[in-house]
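Going left to right, the sequence shown walks through residues 409 to 631 as this note's numbering numbers them.
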Amino acid sequence: MLSSEVIRISKEKILQEFYALGTRFEVPKNALINTTVCQEKITHVYLLESGIVSLSSITPQGQTIIYQYFSQPGFLNIVPLLTRFYLGYENDMTVDLTAKTACVIYRLTVETFMAKLAEPLVKDLIIQTVLADYVTVMEKIRDSGEDSTKVNLYRFITQHASQDETGAYILDDFFTYTEIGNYLQVHEVTIARLMSELKRENIIEKQGKTLCIIDMNALERLK
């Protein structure tokens, strides 16, 4: 079995090869990167180099559902492409890739992507990517069914917090109560109430638009 360091280096090398084959775009915050529509041909593959991207859809009732966030360099829309190619599967959904922060994106044609897919190391990376997406979705389904909204919120904060230049843990300011509610599928008022509890317990605080985690250890214990 390959070590995690060898896998990381291999992934970085392969991604650099894909970047070299694609067109680079600097995408502003809140911009739509791509929409995948049921039955429409997928013509391009998108890769993230930096930033945070959400995968979401809108229900017939107008409700936004956020399925996952991409924050690590890698592929963004290969699952619908590969399920169509290998299984002929359509899920009757329209999904959007949206830049939640300023992002650097690479776009390459499906033909270019499929030609690279013939390489064994590339195929290994694609399998890892698809499995990671599967695990993310399954864990989200499990957590929403088994745990309380409170526990799911605490888990969300710990999973999506990042460290700033001072070492403090923060949530990016695009994680509004509405945004978090769309991910957890609960009302933003519920999120606001639970956040207020954490503030009273001096676990988090708001500094301007930024949510700062004062006591990450306490938050980890609560989840």
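Think of the CB as a built atom: it goes at the ideal place given N, C-alpha and C, for glycine as much as any other residue.
Using 8 Å as the threshold, is the C-beta distance between N590 and I460 below it?
Not in contact: N590 and I460 (Cβ atoms no closer than 8 Å).
Output the distance between the C-alpha atoms of L516 and G482, rounded to the nearest integer angstrom.
Cα-Cα distance, rounded: 13 Å.
Between the beta-carbon of I450 and the beta-carbon of V518, is there less than 8 Å?
A contact, by the Cβ cut-off of 8 Å.
Take T586 and list the residues in its own chain whose beta-carbon comes closer than 6 Å to its own, dropping the five residues that flank it on each side.
The beta carbon of T586 sits closer than 6 Å to the beta carbons of E596 from its chain, once the five residues preceding and following it are set aside; these are given in chain order.
Straight-line gap, K421 to M522 (C-alpha atoms, nearest Å)
Counting only the Cα atoms, M522 lies some 18 Å from K421.
Residue range of the alpha helix (DSSP H) that includes E587:
Judged by DSSP secondary structure, E587 falls within the alpha helix (DSSP H) whose first and last residues are Y585 to L592.
Secondary structure at T491, three-state DSSP: helix, strand or coil?
DSSP, reduced to helix, strand and coil, places T491 within a helical segment of the structure shown.
Contact defined as beta carbons within less than 8 Å: I believe L533 pairs with K419. What is the distance between those atoms, to the nearest angstrom?
Going by Cβ atoms, the distance from L533 to K419 rounds to 6 Å, so yes, they are a contact pair.
8 Å CB neighbourhood of L602 in its chain, flanking five on each side removed:
Taking L602 as the centre and dropping the five residues before and after it, the same chain places the C-beta of T557, K558 and L561 closer than 8 Å to its C-beta, in chain order.
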